[in-house]
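Participant: Each number in this note's numbering comes from the position in the sequence shown (counting from 1) with 856 added on.
C-beta: ideal position from N, C-alpha, C; glycine also.
Could you have a look at this structure, given as structure tokens, before my questions?
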Amino acid sequence: MFLLNDTLLRYRERVERALAARLPAATASPARLHEAMRYAVLGGGKRVRAALVYAAGTALGAGDADLDAPACAIELIHAYSLVHDDLPCMDNDDLRRGKPSCHKAYDEATALLVGDALQTLAFEVMASDPALTVSPARRLEMVVTLTRATGAAGMAGGQAIDLAAVGRKLAPAELQDMHARKTGALIHAAVRLGALAAGTTDEKTLAALDRYGHAVGLAFQIADDILDVEGQAATLGKRPGADQARNKPTYPALLGLDEAKTRAQAALEQALESLAPLGDNGAVLAALARYIVERRQ
């Protein structure tokens, strides 16, 4: 019986080393930009998305080395999104991962460029990293998976809907669509990238992991909404209550805290059920789903 904390720590340490090796050196020109890129990426975060890449790939027989590139790419995209989300023109957050946001530690223009550079680095890693040894066709499929999760159909589109929804009440279906794009798309992509890096072509397995990824993505966002109400800054690493202060649409605001928790549990059950075709190989993915719903940070 594995210990999830040990597994997560191993994944965090591995992706941290892999990211440090792929980011530009802080002393290379332009040094301030490169230093800020490393500041925004390294030394913090739960690395849930990377863990999902490793867990999904490992469940299908991939080695950790096969999964480093997609795990890094997904974390670089996530870091870029946080840097941009924190900017005054977006969510205007001064605290991220327990330290000043990138635009506070440096400046707004540098933070904007950091996000741009991290996004392009993510796609460079996916397109050309030598550690990823899949076929060119499979590599292209992985690049497309990441682009769809990142662009207007995914994360960027979800952020646009979120900004437009401030101050108004969304229907439950609208809220779910927003979160499926803003948060769920990248989490779903992490699971799929792990499966694709493992080389699996079994459509039944891929479909099961797609269902798992969608359910876990929804559960993650509902849990985040709940933590914004119940969490503490010391454990969250960011300011709690920010969504409520901005009058942003969330599951607790729309449905109440109890119903939000019920929906998170339902998404968790759906995720666990979807793992049935994997048998015991899905144990880490199942534990990750439970962690996502039950975490306090």
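Where DSSP assigns a beta bridge to PRO956, which residues make up the other side?
Facilitator: Its beta-bridge partners are LEU951.
Participant: Can you tell me which of the three DSSP states CYS945 falls into?
Facilitator: DSSP places CYS945 in the coil class of the three-state scheme, outside both helix and strand.
Participant: Counting C-beta neighbours from all protein chains within 10 Å, is the total for PRO1105 16 or more, i.e. buried, or is it exposed?
Facilitator: buried
Participant: Can you find a C-beta in chain C that's less than 7 Å from the C-beta of LEU996?
Facilitator: Protein chains in the displayed structure number just one, and chain C is not present.
Participant: Thinking C-beta only, is MET998 closer than 7 Å to LEU923?
Facilitator: no
Participant: Smallest Cα separation from ALA1012: which of GLY1055, PRO956, MET946 and VAL1022?
Facilitator: MET946
Participant: What's the gap between the Cα of ILE1148 and the Cα of PHE1076?
Facilitator: 6 Å
Participant: Taking contact to mean at least 3 C-beta pairs separated by less than 8 Å, is the region 929-941 in contact with the region 895-902?
Facilitator: yes
Participant: Compute the Euclidean distance between the alpha carbons of LEU889 and ALA1009, then round it to the nearest angstrom.
Facilitator: 29 Å
Participant: Out of ALA1021, ALA1016 and LEU1128, which one is the CA nearest neighbour of HIS1070?
Facilitator: Of the candidates ALA1021, ALA1016 and LEU1128, the one whose C-alpha sits nearest the C-alpha of HIS1070 is LEU1128.
Participant: For ILE1205 and ALA1120, I'd like the C-alpha separation in whole angstroms.
Facilitator: With the chain represented from 857 up to 1153, any question about residue 1205 goes unanswered, as that position is not in the structure.
Participant: Using a Cβ-Cβ cutoff of less than 6 Å, which residues in the same chain neighbour LEU1042 once the five nearest sequence positions on both sides are dropped?
Facilitator: ALA1005 and MET1011
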